[in-house]
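Notes to accompany the following structure.
Numbering (my numbering), first residue to last: 97 to 474.
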């Protein structure tokens, strides 16, 4: 199937190249059916500065919707990828990577994560969580990029390895949604807004947000159920609200009964909750980096870290990096969070860690990326 897709994309690309490259920006996504926050922010700023510069955003339905439906969306994306001056991606996309690169088209990989705690791409080939070397070859994985945007200098080496490009191709400009995090409303304003429907947020307890990463290839949510119960037990009887924010692709049984100290706030993303809570617990998710942008300390609960060290592997090991507080059991994390002095120490070292990850970032990623795009559209 991959060979057929590759042949079809190359043939169509040859046809589309009979048409001229237009002064236009195409933002393409293969991995999502909805427009990302980064794309919305970029498009808005481009249209503000250059109303006459066409900006086209195209998404696809997930691969889970079927090959025919996916292919239909990709044909439309291929047209824009072949005939637009600047193409922006938020992940691997065959319409750019498979056909030979067209002269006059500039491709920016605006990766969807602000950093890389866990390995990805070429870093984890031939592991259970990664692609095979043969797949990477047939899919022309991550070929034809002119620039790759990273959240900060702390991710440059990892991104260079993961995408297979020299480090000078990785630009640590930050992502547009980082600007929104940094320049957004203060924590008290966000908390007051949430309290309109969730008054328990101001019951005097410490608000702890648990936001784990998606486990690729694991269809059962038993691991998540167990993790929530273990954390709830660790905080049992303590003045703490355990707020759970799950990945959009994870669906928990709504009929399931949870311990009294477990809460869900529907309709709000993890990023939108970061300012409103006192502390974050995550694992291998890049939200463990984002949290530092709003000065909310993060701790790392990694019950399956032995498996993760093997596949996909870790760029940042939360249980080995001395600046981070990580544990494979819930109890030690609860002890730190409930001890104000211990939490203060953890917060200071975590702040040092994120400062090194995002050194030089001043809340102006959108400005910097738009500048790059406009220069290539001259």
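Where a beta carbon is used, it is the ideal one built from N, C-alpha and C, also for glycine.
Check	Outcome
Between residue 239 and the rest of its own chain, which residues show a CB-CB distance below 6 Å, the 5 nearest in sequence each way excluded?	193
Alpha carbon to alpha carbon, how far is residue 378 from residue 421?	11 Å
Residues in the same chain with beta-carbon distance under 8 Å from residue 282, minus the five sequence neighbours each way, listed in chain order, please.	371
Tell me which residues share the same chain as residue 40 and place their Cβ nearer than 7 Å to its Cβ, disregarding the 5 neighbours each side in the sequence.	Since the first and last residues shown for the chain are 97 and 474, residue 40 lies out of range.
Does the Cβ-Cβ distance between residue 151 and residue 142 come in under 7 Å?	yes
Between residue 241 and residue 201, which are expected to be in contact by the criterion C-beta below 8 Å, what is the C-beta distance as a whole number of angstroms?	Going by Cβ atoms, the distance from residue 241 to residue 201 rounds to 11 Å, so no, they are not a contact pair.
If you follow the beta strand (DSSP E) that residue 378 is in, where does it begin and where does it stop?	375 to 378
Can you tell me whether DSSP reads residue 336 as helix, strand or coil?	strand
Taking C-beta to C-beta, are residue 389 and residue 277 nearer than 7 Å?	yes
Along the alpha helix (DSSP H) that carries residue 465, what are the first and last residues, could you check?	461 to 472
Do the CB positions of residue 374 and residue 303 come within less than 7 Å of each other?	yes
Going by beta-carbon coordinates alone, are residue 414 and residue 225 separated by less than 7 Å?	no
To which residues does DSSP link residue 202 through a beta bridge?	182
Rounding to the nearest angstrom, what Cα-Cα distance links residue 305 and residue 340 in this structure?	6 Å
Report the three-state DSSP secondary structure of residue 232 (helix, strand or coil).	helix
Here's the rule: buried if 16 or more other CB atoms are within 10 angstroms of the residue's CB, otherwise exposed. What is residue 156?	buried
Can the beta-carbon of residue 446 be found less than 7 Å from the beta-carbon of residue 394?	yes
Which same chain residues, not among the five before or five after residue 176, have their C-beta less than 7 Å away from its C-beta?	122, 124, 152 and 154
With a Cβ-Cβ cutoff of 7 Å, do residue 472 and residue 182 count as a contact?	yes
Using CA atoms only, rank isn't needed, just tell me which of 290, 268, 287 and 443 is closest to residue 459.	268
I'd like to know whether the C-beta atoms of residue 426 and residue 356 end up nearer to each other than 7 Å.	no
Which same chain residues, not among the five before or five after residue 439, have their C-beta less than 8 Å away from its C-beta?	375, 393, 432 and 433
Since residue 455 and residue 331 should fall inside the 8 Å C-beta cutoff, what is the C-beta to C-beta distance between them, to a whole number of angstroms?	Contact flag wrong, Cβ pair sits at about 34 Å.
Quick check on this structure: which residue in 174, 391 and 207 has the alpha carbon closest to the alpha carbon of residue 197?	174
Would you give the residue range spanned by the beta strand (DSSP E) that residue 415 belongs to?	Counting along the chain, residue 415 falls outside any beta strand (DSSP E), and DSSP gives it neither H nor E.
Between which residues of its own chain and residue 416 is the CB-CB distance below 7 Å, once the five residues before and five after are set aside?	none
Would you tell me roughly how many angstroms separate the C-alpha atoms of residue 229 and residue 264, rounded to the nearest one?	25 Å
Can you confirm whether residue 300, when its beta carbon is compared against all beta carbons of chain B, has any partner nearer than 7 Å?	Reference to chain B is not applicable here, since this structure consists of a single protein chain.
Taking the alpha-carbon of residue 335 as reference, which of 435, 404 and 288 has the nearest alpha-carbon?	435
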